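*Asks:* Residue numbers (UniProt numbering): 1 to 300. Yeah, the Cβ is synthetic: ideal placement off N, Cα and C, and Gly gets one too. Note that the coordinates shown come from a computational prediction; the quantities given were computed from them, not determined experimentally. Submitted below is the structure of interest, expressed as structure tokens.
See below:
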């Protein structure tokens, strides 16, 4: 099969095309997906650079978002069938023509939702959904601070919080991202972190915080959080008892729920660019920084 491998950890030049990679064998609990689209997620960029560690032996196939058609089903799989349009966020392996995926990570793509859109929410969007519905368990009327509101995690989290019925929703952004968020929802309280401090804008302390930045941002967030409040960070930790460090636990049921919200229009997906899946475009997309919207590669 056609795939793009990481020959080592480092800059984008570690990527190389492979035309004769072995098509994965599937376990009884897995399905084989023929890829139609994969997204570029910050996790994948950090993984390639070695920020997430360098323990996994190379060469390997990077990429964490799958969107395509099932072409084979393991003997223990009963909820999915050949021909189903599906999405998932496995750990690695998605920069390839075919991907073996656990059925527990798998969600059917609703009618009207494209492969590109499904790939765009598989990791980042699913993270934002999980943080709002499970880790933070946001309740109607609660005030929320979501950092990095224009990113995939934050943008989805904002919309899920709105659907839940959260009270005031604050988010941080700057420049073009702040303009985008204000135009998306004029009632959203957008804090330009380059010009304003959290404490200056947030007069009444919030009930929950989603931290996607870490460091000083986490510390500053604690100063505007209720004493009984809840803060979840996906990048950092802290000794404060209000803080929990968490990460996305790939789950087909929660991804399916998110995709239904996308299908209904409750969650919008911001895609910056779609390009053909090849090593030139992969290197280009991995090199970009501070992109407003998701970068997606489409398989021919």
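Please classify residue 336 as buried or exposed, where buried requires at least 16 other C-beta atoms within 10 Å of its C-beta.
*Replies:* Because the chain is modelled from 1 through 300, residue 336 falls outside the range shown and cannot be assessed.
*Asks:* By a C-beta neighbour count over all protein chains shown, 10 Å radius and 16 as the cutoff for buried, is residue 108 buried or exposed?
*Replies:* Looking up residue 108 in the chain shown gives position 108. Its Cβ being crowded by 16 or more others within 10 Å, residue 108 is buried.
*Asks:* Quick one: grab the DSSP three-state call for residue 65.
*Replies:* On the chain shown, residue 65 is found 65 positions in, with the first residue counted as 1. DSSP places residue 65 in coil when its eight states are reduced to three.
*Asks:* Give, in chain order, every unbroken run of the alpha helix (DSSP H) that is at least 4 residues long and sits entirely within the region 157-206.
*Replies:* 175-184, 198-201
*Asks:* Taking buried to mean at least 16 other C-beta atoms within 10 Å of its own C-beta, is residue 225 buried or exposed?
*Replies:* Stepping through the chain shown from its first residue, residue 225 is reached at position 225. Classification for residue 225: buried.
*Asks:* Assuming residue 294 is part of the beta strand (DSSP E), what are its boundary residues?
*Replies:* Counting from 1 along the chain shown, the entry for residue 294 is found at position 294. For residue 294, the enclosing beta strand (DSSP E) covers residues 294-298.
*Asks:* Between residue 31 and residue 103, is the Cβ-Cβ spacing less than 8 Å?
*Replies:* Position 31 of the chain shown, counted from the first residue, corresponds to residue 31. Position 103 of the chain shown, counted from the first residue, corresponds to residue 103. Result yes, Cβ atoms of residue 31 and residue 103 sit closer than 8 Å.
*Asks:* Would you please state the rounded distance, in angstroms, between the beta carbons of residue 246 and residue 79? I believe it to be under 8 Å.
*Replies:* Here residue 246 is taken as the residue at index 246 of the chain shown, counted from 1. Here residue 79 is taken as the residue at index 79 of the chain shown, counted from 1. Contact doesn't hold; Cβ gap of about 27 Å is too wide.
*Asks:* Quick one: give me the first and last residue of the alpha helix (DSSP H) that residue 42 is part of.
*Replies:* Within the chain shown, residue 42 is the residue found at index 42, counting from 1. Note, residue 42: alpha helix (DSSP H), 42-49.
*Asks:* Looking at residue 206: is its Cβ nearer than 8 Å to the Cβ of residue 144?
*Replies:* Translated into positions along the chain shown, residue 206 becomes position 206. Translated into positions along the chain shown, residue 144 becomes position 144. Yes. Within cutoff.
*Asks:* Taking residue 281 as part of the alpha helix (DSSP H), name the residues at either end of that continuous run.
*Replies:* Residue 281 sits at position 281 when you count from the first residue of the chain shown. Segment 279-287, the alpha helix (DSSP H) holding residue 281.
*Asks:* What are the partner residues of residue 96, as DSSP defines its beta bridges?
*Replies:* Your numbering for residue 96 matches position 96 in the chain shown. 3.
*Asks:* Along the chain, where does the beta strand (DSSP E) containing residue 32 start, and where does it finish?
*Replies:* Residue mapping note: residue 32 aligns to position 32 of the chain shown, counting from 1. Residue 32 -> beta strand (DSSP E) spans 30-39.
*Asks:* Measuring only the C-alpha atoms, how far is residue 46 from residue 16?
*Replies:* Working through the chain shown from its first residue, we reach residue 46 at position 46. Working through the chain shown from its first residue, we reach residue 16 at position 16. Residue 46 and residue 16 have their C-alpha atoms spaced approximately 18 Å apart.
*Asks:* Based on Cα-Cα distance, which residue from 178, 129, 173, 148 lies nearest to residue 162?
*Replies:* As a first step, residue 162 must be located in the chain shown, where it is residue number 162. It is 129.
*Asks:* Could you pull out every unbroken beta strand (DSSP E) segment of at least 3 residues lying fully inside the region 204-282, listed in chain order?
*Replies:* 206-211, 225-233, 243-245, 271-276
*Asks:* Enumerate in chain order the residues of its own chain whose CB-to-CB distance from residue 21 is below 6 Å, with the five nearest sequence positions on each side excluded.
*Replies:* By one-based count along the chain shown, residue 21 stands at place 21. 1, 3, listed in sequence order.
*Asks:* For residue 159, which residues from the same chain have a beta carbon less than 6 Å from its beta carbon, with the 5 sequence-adjacent residues on both sides left out?
*Replies:* In the chain shown, the residue the question calls residue 159 occupies position 159. Here the set comprises 267.
*Asks:* With distances taken from CA atoms, which of 44, 142, 152 is nearest residue 125?
*Replies:* The count along the chain shown starts at 1 and reaches residue 125 at position 125. Closest option to residue 125, judged by alpha-carbon separation, among 44, 142, 152: 152.
*Asks:* Helix, strand or coil for residue 143 per DSSP?
*Replies:* Mapped onto the chain shown, residue 143 falls at position 143. It is coil, neither helix nor strand.
*Asks:* Which residues does DSSP pair with residue 88 in a beta bridge?
*Replies:* As a first step, residue 88 must be located in the chain shown, where it is residue number 88. DSSP links residue 88 through a beta bridge to 66.
*Asks:* Classify residue 54 as buried or exposed, calling it buried when 16 or more other Cβ atoms lie within 10 Å of its own Cβ.
*Replies:* Here residue 54 corresponds to residue number 54 of the chain shown, with the count starting at 1. Flag for residue 54 reads exposed.
*Asks:* Considering only the alpha carbon of each residue, which of 263, 232, 28, 297 lies closest to residue 154?
*Replies:* One-based indexing of the chain shown puts residue 154 at position 154. Here the closest residue by C-alpha is 232.
*Asks:* Whole angstroms are fine: how far does the CA of residue 72 sit from the CA of residue 82?
*Replies:* Mapped onto the chain shown, residue 82 falls at position 82. Mapped onto the chain shown, residue 72 falls at position 72. Each residue's alpha carbon lies about 6 Å from the other.
*Asks:* Do residue 64 and residue 89 come within 8 Å of each other at the CB atom, strictly closer than that value?
*Replies:* For the purposes of this step, residue 89 is taken as residue 89 along the chain shown, with counting starting at 1. For the purposes of this step, residue 64 is taken as residue 64 along the chain shown, with counting starting at 1. The answer is yes: Cβ separation under 8 Å.
*Asks:* What are the partner residues of residue 17, as DSSP defines its beta bridges?
*Replies:* The count along the chain shown starts at 1 and reaches residue 17 at position 17. Residue 17 pairs with 4.
*Asks:* Thinking C-alpha only, which one of 259, 264, 111, 296 is nearest residue 272?
*Replies:* As a position in the chain shown, residue 272 is number 272, starting the count at 1. When each option's Cα is compared against that of residue 272, the closest is 296.
*Asks:* Just to confirm before moving on: does the CB-CB distance between residue 77 and residue 24 stay below 8 Å?
*Replies:* As a working mapping, residue 77 is identified with position 77 in the chain shown. As a working mapping, residue 24 is identified with position 24 in the chain shown. Taking 8 Å as the Cβ cut-off, residue 77 and residue 24 do not qualify as a contacting pair.
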